[in-house]
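Here the structure comes first, spelled out in structure tokens, and everything after it is commentary.
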Amino acid sequence: MSSTVLVAGSANLDFVVRAAHVPAPGETVLGREFRTFPGGKGANQAVACARAGGARTRMLLALGLDDFATPIETSLRDAGVQLHAVRDAQLPTGTAFICLSDDAENAITVAPGANMALQPKHLPALDGVQWLLLQLETPLDTVLAYAVAARAAGVKVALNAAPAQVLPAELLAQLDMLIVNEGELDVVAGNPPDLASGLARLDVPCVIVTLGARGCLARHEGRTLLQPAFAISPVDTTAAGDTFCGTLVAALARGDALQQALLAASAASALACTRLGAQSSIPDHTEVTALLADARRVPGTDAHAALAAWCAL
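In this note's numbering, the protein residues as written are 15 to 327.
Below is the structure:
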């Protein structure tokens with residue numbers, strides 16, 4: 015495997031409680047089972063990238079000097095991720111508090127902790143790196159500095175703009191790929207009236223919008239590509255988007271065409287929704303290959319037509 019992906023971003027320990035429904039403001043809900051899982055958008059995407067196969071995966075992350083860091087490091091290393099870990103003695107390891115409902119919806123509150131200590135100076139050498147994958151759970155000026163450095167080194171830059179925030183034009187100018195869901199597209203593109211308008215407002219070579227149970231679409235080199243979602247019975251959607259991002263970039267790094275990469279990412283994301291937890295739910299290459307080989311489960315012509323009609327593109 016000669017291709018390398020560097021993921022720079024967040025790592026959290028997730029505290030997950032199951033409940034009948036996500037509580038409304040001011041409401042107390044009696045939960046059921048409680049578990050902890052390694053998570054964080056950056057770490058989830060690194061695990062997904064490593065398990066997808068075909069590319070070496072490295073990760074730059076910041077952790078505290080506490081026990082919460084241990085399961086995160088173990089999960090990443092077990093997935094085959096090479097770590098560039100920054101240690102911060104003043105801040106705790108990042109945590110996320112997740113209420114997961116019986117209909118697979120969730121409400122998440124993140125305490126970033128050491129993730130906010132990641133600085134431009136921490137970026138490792140980019141020799142041999144083909145893709146840099148970023149998110150927005152670390153300081154925005156750090157994200158920008160990494161993107162600028164990668165672009166200068168000839169490394170392709172992908173940004174998953176989550177959690178959503180308004181992005182400076184300077185950052186958008188450094189990107190080869192922007193990955194957003196519908197809500198994130200609204201924020202990044204300034205509340206466009208529809209998908210087509212949102213895509214038109216973003217001056218990035220490739221923009222991918224994930225559409226949940228409908229699938230996803232990509233605008234690339236003047237073309238629109240559609241990929242319907244796989245039909246599944248969801249259990250936990252927490253890491254679905256991260257699984258999509260990591261699998262997609264791994265596929266591109268190993269040389270897959272974008273349409274093929276979208277298919278693999280959609281399959282991996284679907285499988286992740288059928289399991290509990292973040293990194294614990296992310297499938298490996300063998301599982302994704304098996305799903306793609308099952309013609310009964312791969313979205314067909316009717317699903318493509320329905321997605322195209324919904325997108326009105």
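Note that beta-carbon positions come from the ideal geometry of N, C-alpha and C, so glycine has one too.
query	result
With 16 as the cutoff for other CB atoms within 10 Å, does MET15 come out buried or exposed?	Note that MET15 scores 46 on pLDDT, short of 50, meaning its location in the model is unreliable; the coordinates nonetheless yield the value given after this. With fewer than 16 other Cβ atoms within 10 Å, it is exposed.
Looking at the unbroken beta strand (DSSP E) that takes in PHE258, where does it start and where does it end?	Where PHE258 is concerned, there is no enclosing beta strand (DSSP E), although the alpha helix (DSSP H) it sits in stretches over 254-267.
Among ARG32, ASP250, VAL143, PRO153, which has the Cα closest to the Cα of ALA167?	VAL143
Have a look at SER24 and THR88 and give me their C-alpha separation to the nearest angstrom.	15 Å
Here's the rule: buried if 16 or more other CB atoms are within 10 angstroms of the residue's CB, otherwise exposed. What is LEU150?	buried
Which residue from GLN179, ALA176, TRP145 puts its Cα closest to that of ALA163?	TRP145
Quick one, are the C-beta atoms of ALA317 and VAL19 less than 8 Å apart?	no
What does DSSP give as the partner residue(s) for ALA275 in the beta ladder?	BP columns for ALA275 are empty, so no partner.
Starting from SER211, follow the alpha helix (DSSP H) in both directions and report where the run begins and ends.	209-215
Are there 16 or more other CB atoms within 10 angstroms of the CB of LEU154, so buried, or fewer, so exposed?	exposed
What are the start and end residues of the beta strand (DSSP E) that includes HIS98?	96-102
For the beta strand (DSSP E) containing GLN59, list its first residue and its last residue.	It is not in any beta strand (DSSP E) - GLN59 instead sits in the alpha helix (DSSP H) that spans 55-66.
Taking the alpha helix (DSSP H) that GLY197 belongs to, which residues open and close that run?	196-202
So which of ARG228, HIS98, ASP116 has the shortest CA-CA distance to LEU132?	HIS98
Hey, quick one: how far does the alpha helix (DSSP H) through ASP155 stretch, first residue to last?	154-166
I need the straight-line Cα distance from THR152 to VAL100, nearest angstrom please.	13 Å
Tell me ASN174's beta-bridge partners as DSSP assigns them.	ILE193
Quick check for students: name the residue ranges of the beta strand (DSSP E) that lie wholly in the segment 215-243, counting only runs of 3 or more.	220-224, 229-234, 237-242
Output the boundary residues of the beta strand (DSSP E) element that contains THR88.	Per DSSP, THR88 belongs to no beta strand (DSSP E); it is in the alpha helix (DSSP H), 83-92.
When the Cα atoms are used, what is the spatial distance from ALA203 to VAL218?	12 Å
Are ALA328 and THR257 closer than 8 Å when you measure CB to CB?	Nothing about residue 328 can be read from this structure; the chain reaches only from 15 to 327.
Mind checking which residues open and close the beta strand (DSSP E) that includes ASP117?	Taken as a continuous stretch (DSSP letters only), ASP117 belongs to no beta strand (DSSP E), as it is neither H nor E.
Just verifying my parser: in three-state terms, what is the DSSP assignment at PRO126?	coil
Taking 6 Å as the limit between beta carbons, can you name the residues of its chain near SER283, skipping five residues before and five after?	ALA254, THR257, PHE258
Between which two residues does the beta strand (DSSP E) carrying VAL19 extend?	18-22
Is there contact between the segment 43-57 and the segment 279-298, where contact requires at least three CB pairs shorter than 8 Å?	yes
Taking only three categories from DSSP, how would you classify PRO134?	helix
Applying the 10 Å Cβ sphere with the 16-neighbour rule, what's the burial state of ARG65?	buried
Quick one: is ASN205 buried, meaning 16 or more other Cβ sit within 10 Å of its Cβ, or exposed?	exposed
In this structure, does DSSP put ALA76 in helix, strand or coil?	strand
Whole angstroms is fine: what's the gap from VAL329's alpha carbon to LEU231's?	Given that the chain is displayed from residue 15 to residue 327, the structure contains no residue 329 and the question cannot be resolved.
Between the beta-carbon of ALA83 and the beta-carbon of MET73, is there less than 8 Å?	no
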